[in-house]
Amino acid sequence: MKNINDEERFIFRRMAEGDREAFRFFFEKYYVDLCNFVNIYLNDPATAEDIVQDVYVYFWNKKENIYIETSIKSYLLKASKNKSLNYLRNKKVRSGIQDRLAKESETSCEIPEVQEDNHRLQKIIREAVESLPEKCREIFILSKEKNLTYKEIAEELGLSVKTVENQMGNALKKLREFLKPYYDDLFILFLIAFFC
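So the sequence shown is numbered by the working numbering: it starts at 20 and just counts up by one.
So this is what it looks like as structure tokens:
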């Protein structure tokens with residue numbers, strides 16, 4: 020590892036061997052700086068914290084395979100920047116989908132056949148959501164309809180962020196299975212791209 024001081028080199032090796040206190044050292048040392056750095060891109064402190072936490076989760080889970088070229092801080096900054104840019108790209112795509120849905124709705128809402136088809140599809144999606152187990156459904160609604168972050172959902176329900184992530188994964192998997200018979204309908208595919 021080039022340009023990394025002896026102390027951090029030693030602590031990183033301990034972390035790679037599974038030492039949680041070594042991981043805590045890097046978390047406490049750089050967490051605030053990383054959140055401030057990510058917030059420059061996002062201008063959203065809560066989402067910035069979520070992204071930095073995800074970076075640290077990856078940092079811990081991949082500790083045995085990570086190669087540090089310069090320094091721990093540089094590695095974490097680069098990982099945080101990449102994750103921030105991915106978030107912004109995904110947000111832009113979803114925003115474009117929302118705009119397209121709104122425009123299609125404006126141009127087609129007065130056509131009876133389209134109205135009927137939209138109502139049918141909305142009913143199918145509601146049924147899919149209602150078919151979810153109670154906890155999956157609650158978390159899905161808080162995320163997709165109320166736009167809460169995983170951290171906010173975890174705090175509201177008294178769960179860990181990891182539990183919320185797992186429940187959302189289960190919810191999306193079950194929704195895809197429920198909606199599979201309707202994949203021939205392009206509008207359903209469009210909605211799946213938006214929700215999932």
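Built from N, CA and C at the ideal position, the CB exists for glycine as well.
All values derive from a computational prediction rather than experimental measurement.
Inside the stretch 45 to 80, DSSP marks whole alpha helix (DSSP H) runs of 4 or more residues at positions 64 to 80, from first to last along the chain.
DSSP, reduced to helix, strand and coil, places Gly188 within a helical segment of the structure shown. Residues Gln186, Asn189 and Ala190 of the same chain have their beta carbon placed closer than 6 Å to that of Cys155, with the five preceding and five following residues left out of the count.
Per DSSP, the continuous alpha helix (DSSP H) segment holding Ile30 begins and ends at Asp25 to Ala35. Counting along the chain, Glu157 sits inside the alpha helix (DSSP H) bounded by residues Glu153 to Lys163.
Taking all protein chains in view, the Cβ of Phe42 is crowded by 16 or more other Cβ atoms within 10 Å, so the residue is classified as buried. C-alpha of Phe29 to C-alpha of Tyr75: approximately 19 Å in a straight line. In this chain, the alpha helix (DSSP H) harbouring Glu175 covers Tyr169 to Leu176. Ile91 has its alpha-carbon roughly 38 Å from the corresponding atom of Glu157.
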